[in-house]
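What follows is one structure encoded as structure tokens, with my remarks underneath.
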Amino acid sequence: MNPSTLTGLVASLILLSVLLLFTAQQPSLLIDLPGLGIVLVGTFAATCISYPMAELRCIPGLLATVLRQEQDRAPGDIDELVSLSRRWIEGDTRAVETALAQTQNPFLGSGVQLLVDQVAEEDILELMQWRITRLRAKERAEAQIFRTMASYAPAFGMLGTLVGLVNMVFVLGDGDLGSVGRQMALSLTTTLYGVLLANLLFKPIALKLERRTERRVVIMNMILQGISMMARKRSPGLMRETLKAFVAHYHDELQDQGAPRARKPLSLAWRRRP
């Protein structure tokens, strides 16, 4: 399991335990299954109305992705690109094609295969940039599903609260203040459920998926840079150092909390070289 996800789940359980055991006069008052059902069913219904079923079928797979620990593929892709580059510079096309059969990264393999097929460098880069753009748009749309659910959950929590307030007003006519207090407490639990689900489940999942997409786009841009250098038959040693610097360059930008700065991509710098 992903360590950060596991840590977050454990911290969430601790938070819920504290809420139940230490902040409530009666822990049972914070357990309201009908209220939880209103939030869950309402959020699910609104999400189904908002998105086609074909897009909603990916939710279980996305949850598994958040839980799964993904290895850093950048070092392996760099080694593979350098190895292919050496064979390409030597003119051993057959060896390159043989190595492509064992390539684990399909994006890398398709780019190098286009190079072997004598496709122009500009056309290869344009096609691969289009694939990167398509992947980014697809995965951002998937993350947006959970952001939408995060916006619906508190709203349906308020709906449950309104239903509880209606019941409270009905009981108010009997003059039983104890019953009124119990109804008021139960009506507010649905709002609590909506806030917890939105901020401990749906929003964190969306952010996790968006960060995963950014990491994948970095790797794909690095591969794009490597294929560009390979097409120009740059030194494999120079390619290795450039790709390492490329990944570190984007890593620093992804971690930067300040204002974004305009930087020229490395690929443009290499294109301008004779």
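Each residue of the sequence shown is one higher than the last, beginning at 26 in the numbering used here.
Note that CB positions come from ideal geometry on N, CA and C, so glycine has one too.
Measure the CB-CB distance between residue i and residue j and report whether it falls below 8 angstroms.
i: Ser42; j: Glu146; result: no
i: Tyr218; j: Thr68; result: no
i: Val141; j: Val121; result: yes
i: Ile157; j: Asn224; result: no
i: Gln94; j: Asn27; result: yes
i: Phe227; j: Ala180; result: no
i: Val272; j: Ala99; result: yes
i: Ile63; j: Leu187; result: no
i: Thr123; j: Glu105; result: no
i: Leu197; j: Val205; result: yes
i: Thr30; j: Val91; result: yes
i: Ile170; j: Glu80; result: yes
i: Leu125; j: Val144; result: no
i: Gly60; j: Thr215; result: yes
i: Pro261; j: Arg82; result: no
Near residue i, what residues of its chain come up, given a Cβ to Cβ distance below 6 angstroms and the 5 sequence neighbours on each side ignored?
i: Leu65; result: none
i: Leu249; result: Met153
i: Leu139; result: Ile149
i: Gln51; result: none
i: Lys258; result: Ile114
i: Met209; result: Met193
With a CB to CB cut of under 8 angstroms and the five nearest residues on each side skipped, what residues in its chain are close to residue i?
i: Thr238; result: Leu160, Arg161, Glu164, Arg165, Ala168
i: Leu88; result: Ile230
i: Leu234; result: Leu87, Thr90, Val91, Glu164, Glu167, Ala168, Phe171
i: Ile39; result: none
i: Thr72; result: Leu81, Ile170, Thr173, Met174, Tyr177
i: Val35; result: none
Taking residue i and residue j to be in contact with their CB atoms under 8 angstroms, please state how far apart those CB atoms are, rounded to whole angstroms.
i: Ile103; j: Lys269; result: 7 angstroms
i: Leu109; j: Met255; result: 7 angstroms
i: Gly189; j: Val220; result: Rounded, the Cβ-Cβ distance is 15 angstroms, inconsistent with contact.
Between which residues of its own chain and residue i is the CB-CB distance below 7 angstroms, once the five residues before and five after are set aside?
i: Ile56; result: none
i: Leu44; result: Leu55
i: Ser37; result: Leu225
i: Gly33; result: Pro229
i: Ile244; result: Arg98, Ala99, Asp102
i: Pro299; result: Summary for Pro299: the model assigns pLDDT 40, below 50, so the residue's position carries little reliability; its value from the coordinates is reported in the next sentence. Taken in chain order, the list of residues that qualify is empty.
i: Gly251; result: Leu106, Met264, Leu268
Would you say residue i touches the ligand FMN, meaning its beta carbon is less than 7 angstroms from a heavy atom?
i: Tyr177; result: Absence of the ligand FMN is noted for the structure shown, with no ligands found whatsoever.
### Query
Considering only residues of the stretch 103–129, which uninterrupted alpha helix (DSSP H) runs meet the minimum length of 4 residues and lie entirely inside it, listed in chain order?
118–125
### Message
Going residue by residue through the stretch 202–246, where are the continuous alpha helix (DSSP H) segments of at least 4 residues, counting only ones entirely within it?
### Response
202–222
### Query
Which runs of the beta strand (DSSP E) spanning at least 3 residues fall entirely within the stretch 32–108, listed in chain order?
none
#### Entry: Secondary structure, alpha helix (DSSP H): runs of 4+ residues fully inside the stretch 122–169
131–141
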